[in-house]
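Visitor:
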């Protein structure tokens with residue numbers, strides 16, 4: 001899926017932020033806990049909690065989304081978090097305990113097996129020195145992986161091209177929400193939602209099967 005250069009840059013960066021900033025939203029590249037929870041609110045609109053569900057959190061960091069899920073009275077299922085940073089996963093296991101029937105943490109970028117739902121928050125934003133076209137292909141390849149390994153749907157977010165130009169950064173990738181909406185409709189499902197009405201410079205796409 002992702003090439004080794006992208007994975008190595010991401011691993012080095014996020015392991016470094018974990019050491020520097022600790023287990024908080026800034027330590028996984030976000031700008032605050034409130035913004036992180038707003039994003040989780042959007043992603044979680046994908047999930048039907050009326051039955052037991054298996055959720056894959058791709059790019060899970062230290063596993064904060066698991067805490068978010070546990071706050072819900074309706075949460076019942078198994079959470080699996082993937083991250084390329086070994087130290088992020090070690091931190092998650094220290095926080096939540098060894099892998100068991102309720103949660104599993106894995107080091108790596110390749111999804112194994114199938115899950116009811118896959119969610120992703122933030123991995124499409126920081127492109128480092130990767131050319132835009134190459135990063136775009138990385139996003140599309142990852143979405144195909146999500147589709148192949150999800151039974152009921154997947155949700156992801158990305159920075160928007162409708163951001164203020166004076167605040168844009170060269171090391172970040174700003175996605176076209178209309179392109180990704182159209183791509184998901186044409187390639188994955190008729191049931192696709194684009195959420196771009198919350199007070200952040202990103203958007204969420206939900207793909208239901």
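Residue numbers (full-length UniProt numbering): 1 to 209. Positions of the beta carbon are idealized from the N, C-alpha and C atoms, including for glycine.
Does DSSP put residue 156 in a helix, a strand or coil?
Guide: strand
Visitor: Please report the distance separating the alpha-carbon of residue 108 from that of residue 129.
Guide: Here the alpha carbons of residue 129 and residue 108 stand approximately 21 Å from one another.
Visitor: Is residue 105 helix, strand or coil when you go by DSSP?
Guide: strand
Visitor: Pick out whichever of 64, 81, 41 has its Cα sitting closest to the Cα of residue 113.
Guide: 81
Visitor: Would a C-beta distance cut-off of 8 Å place residue 53 and residue 138 closer than the cut-off?
Guide: No, these two residues do not count as a Cβ contact at 8 Å.
Visitor: So, for residue 76: in the same chain, excluding its five sequence neighbours on each side, which residues have a beta-carbon less than 6 Å away from its beta-carbon?
Guide: 52
Visitor: Shortest alpha-carbon distance to residue 87 belongs to which of 124, 63, 158?
Guide: 63
Visitor: What are the partner residues of residue 66, as DSSP defines its beta bridges?
Guide: Answer by DSSP bridge pairing: none, since residue 66 is not bridged.
Visitor: What does DSSP give as the partner residue(s) for residue 92 in the beta ladder?
Guide: Paired residues: none, contrary to the question.
Visitor: Measuring straight from C-alpha to C-alpha, what distance separates residue 196 and residue 33?
Guide: Straight-line Cα distance between these residues: approximately 19 Å.
Visitor: For residue 116, does the three-state DSSP call read helix, strand or coil?
Guide: strand
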